[in-house]
Ligand SMILES: Cc1ncc(COP(=O)(O)O)c(C=O)c1O
């Protein structure tokens with residue numbers, strides 16, 4: 014049977030391609046039903062932090078499901094929910110110690126933004142309703158999260174349903190005036206954020222939501238060391254809540270539990286997702302300080318947000334088991350160490366004329382492809398460079414995460430790597446070799462068609 018629309022009952026995400034059928038996974042590798050092996054270079058969508066096939070996490074899930082799989086978070090709590098919240102509170106920086114568990118990243122972003130708004134209303138600051146977000150950025154696909162995202166092509170059919178969001182340029186060192194080095198330009202120093210707050214009127218801006226290190230959106234762009242401390246100071250000065258979207262960068266991906274802590278910065282609200290339960294269950298979380306939640310407790314007495322599957326016992330059991338596994342095996346430290354090896358090896362890719370930049374932190378890397386390296390001119394979207402590259406990599410048994418159209422004009426081609434933290438040096442070598450072969454093949458295909 015072919016796994017392609019329309020020959021299956023599955024409504025696939027892409028209706029034009031054939032899907033390999035994965036039968037099992039082990040560590041960094043996946044195996045399909047034909048016996049083909051794939052090196053999972055992106056952990057799926059930046060999810061598989063602890064590796065595939067960890068039986069003790071699977072057993073923790075099964076065990077909880079056998080005891081009691083689900084109770085409504087409106088009526089009950091449970092051991093895994095309490096333990097999950099305590100683990101996250103312990104790992105989170107500063108005063109972030111209250112945890113609202115959800116499923117997807119988009120759900121957590123929606124809940125975090127609602128919490129910010131409810132806080133201001135219950136504080137009597139009802140004028141504070143505007144959301145500030147960066148460009149490029151990505152915060153999810155539900156309608157408020159999509160509104161906050163600057164991914165124009167994702168909005169194509171839905172613009173009428175989206176809410177206005179104030180925009181400031183993100184730090185994107187490869188494509189800005191200063192190149193990420195002092196003296197920093199307005200984008201890379203945080204001055205652009207301050208200008209946007211002042212333009213809108215600080216007493217109208219509720220929150221800034223931002224990715225501490227760029228995800229797919231800006232291809233793992235890493236802001237300068239001064240950036241986040243300055244943005245933190247700006248947000249505090251103008252009483253704008255700083256919401257750190259750590260869905261992709263959190264849970265250890267950049268070599269520390271959260272990416273912001275390496276900047277010595279504590280946000281007002283943090284959202285986690287993706288690797289939080291390593292892919293063993295869909296699990297995300299809003300993490301907030303008591304100083305915000307106390308205002309709700311003294312006022313309405315409720316956080317006005319409810320979802321059937323929030324505070325889910327079995328999902329939280331997967332989260333607890335994943336966090337304990339990460340800690341017991343020192344996997345976040347391993348992520349930092351293997352990240353250094355990865356970034357060193359990836360420098361080899363600069364020998365390809367189409368590789369404009371290689372960047373990232375920990376086991377998160379972004380490779381930006383360009384048609385002309387001297388001018389940083391991207392390929393035209395018709396070349397479909399990133400998509401063809403990902404298909405060629407997959408043909409060779411390497412999974413990467415492609416991303417096209419991150420620039421304001423809808424151009425831009427990225428390939429992202431985010432392997433499981435258990436990856437070793439030899440597997441990193443294998444990944445870089447396969448990556449290089451796929452680049453060569455893609456370049457010759459693109460040349461042949463132009
Ligand atoms: C930074 C960031 N925020 C939010 C999301 C949305 O998460 P989800 O796809 O789980 O809804 C993503 C997903 O890629 C993301 O990268």
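Residue numbers (the numbering used here): 14 to 463.
Yeah, the Cβ is synthetic: ideal placement off N, Cα and C, and Gly gets one too.
Anticipated Cβ contact below 8 Å, residue i with residue j, distance rounded
| i | j | result |
| --- | --- | --- |
| residue 210 | residue 251 | 5 Å |
| residue 219 | residue 378 | So it is not a contact: roughly 34 Å between Cβ atoms. |
| residue 440 | residue 191 | No, residue 440 and residue 191 are not in contact; Cβ-Cβ is about 36 Å, not under 8 Å. |
| residue 118 | residue 297 | 5 Å |
| residue 122 | residue 258 | 6 Å |
| residue 222 | residue 181 | At roughly 11 Å, the Cβ-Cβ gap does not stay under 8 Å, so residue 222 and residue 181 are not in contact. |
| residue 101 | residue 112 | 5 Å |
| residue 370 | residue 187 | 4 Å |
| residue 328 | residue 351 | Not quite, the Cβ-Cβ distance comes to about 28 Å (not below 8 Å), so this is no contact. |
| residue 184 | residue 200 | 5 Å |
| residue 348 | residue 268 | 5 Å |
| residue 291 | residue 335 | 4 Å |
| residue 326 | residue 23 | Wrong, their Cβ atoms sit about 28 Å apart, outside the cutoff. |
Candidates the options, of which the one nearest residue i by Cα
| i | options | result |
| --- | --- | --- |
| residue 168 | 144, 418, 366 and 410 | 418 |
| residue 353 | 437, 141 and 427 | 437 |
| residue 47 | 321, 15 and 442 | 15 |
| residue 177 | 184, 183 and 162 | 162 |
| residue 410 | 22, 54 and 27 | 54 |
| residue 429 | 359, 229 and 91 | 229 |
| residue 35 | 21, 24, 26 and 51 | 51 |
| residue 390 | 195, 423 and 333 | 423 |
| residue 156 | 264, 127 and 135 | 127 |
| residue 133 | 316, 173 and 69 | 316 |
| residue 400 | 382, 386 and 387 | 382 |
| residue 38 | 68, 150 and 347 | 68 |
| residue 311 | 135, 355, 347 and 59 | 135 |
| residue 373 | 357, 452, 386 and 198 | 357 |
| residue 332 | 345, 369, 115 and 375 | 115 |
| residue 453 | 434, 367 and 179 | 367 |
| residue 319 | 26, 80 and 86 | 86 |
| residue 203 | 266, 188 and 237 | 237 |
| residue 460 | 414, 313, 384 and 405 | 384 |
| residue 198 | 240, 343, 130 and 143 | 240 |
| residue 98 | 267, 249 and 285 | 285 |
| residue 145 | 309, 294, 214 and 26 | 214 |
| residue 449 | 388, 153 and 380 | 380 |
| residue 295 | 227, 307, 324 and 175 | 324 |
| residue 57 | 293, 72 and 148 | 293 |
| residue 71 | 148, 330, 289 and 321 | 330 |
Run of the alpha helix (DSSP H) containing residue i, from where it starts to where it stops
| i | result |
| --- | --- |
| residue 78 | 68-81 |
| residue 472 | Absent from the model: residue 472. The displayed extent of the chain is 14 to 463, so no value can be given. |
| residue 241 | 240-250 |
| residue 460 | 438-461 |
| residue 44 | Element bounds for residue 44: not the alpha helix (DSSP H) but the beta strand (DSSP E), 42-45. |
| residue 379 | Counting along the chain, residue 379 falls outside any alpha helix (DSSP H), though it belongs to the beta strand (DSSP E) covering 377-382. |
| residue 210 | 204-213 |
| residue 92 | 92-104 |
| residue 338 | 326-341 |
| residue 127 | 118-135 |
| residue 181 | Per DSSP, residue 181 belongs to no alpha helix (DSSP H); it is in the beta strand (DSSP E), 179-182. |
| residue 59 | 56-59 |
Residue i - containing beta strand (DSSP E), residue span
| i | result |
| --- | --- |
| residue 297 | 297-302 |
| residue 372 | 368-374 |
| residue 222 | 218-223 |
| residue 465 | Only positions 14 to 463 of the chain appear in the structure, and residue 465 is not among them; the question remains open. |
| residue 416 | 414-417 |
| residue 108 | It is not in any beta strand (DSSP E) - residue 108 carries neither H nor E in the DSSP assignment. |
| residue 52 | 50-53 |
| residue 426 | 426-430 |
| residue 284 | 282-285 |
| residue 147 | 143-148 |
| residue 38 | 35-39 |
Any 3 or more C-beta pairs closer than 8 Å across the stretch 332-343 and the stretch 48-67: yes
The stretch 73-81 contacting the stretch 295-303, beta-carbon criterion three pairs below 8 Å: no
Cβ contact (3+ pairs, closer than 8 Å) linking the stretch 389-401 and the stretch 139-146: no
The stretch 101-112 in contact with the stretch 278-292 per 3-pair CB rule at 8 Å: yes
Meets three-Cβ-pair contact criterion under 8 Å: the stretch 237-257 and the stretch 441-457: no
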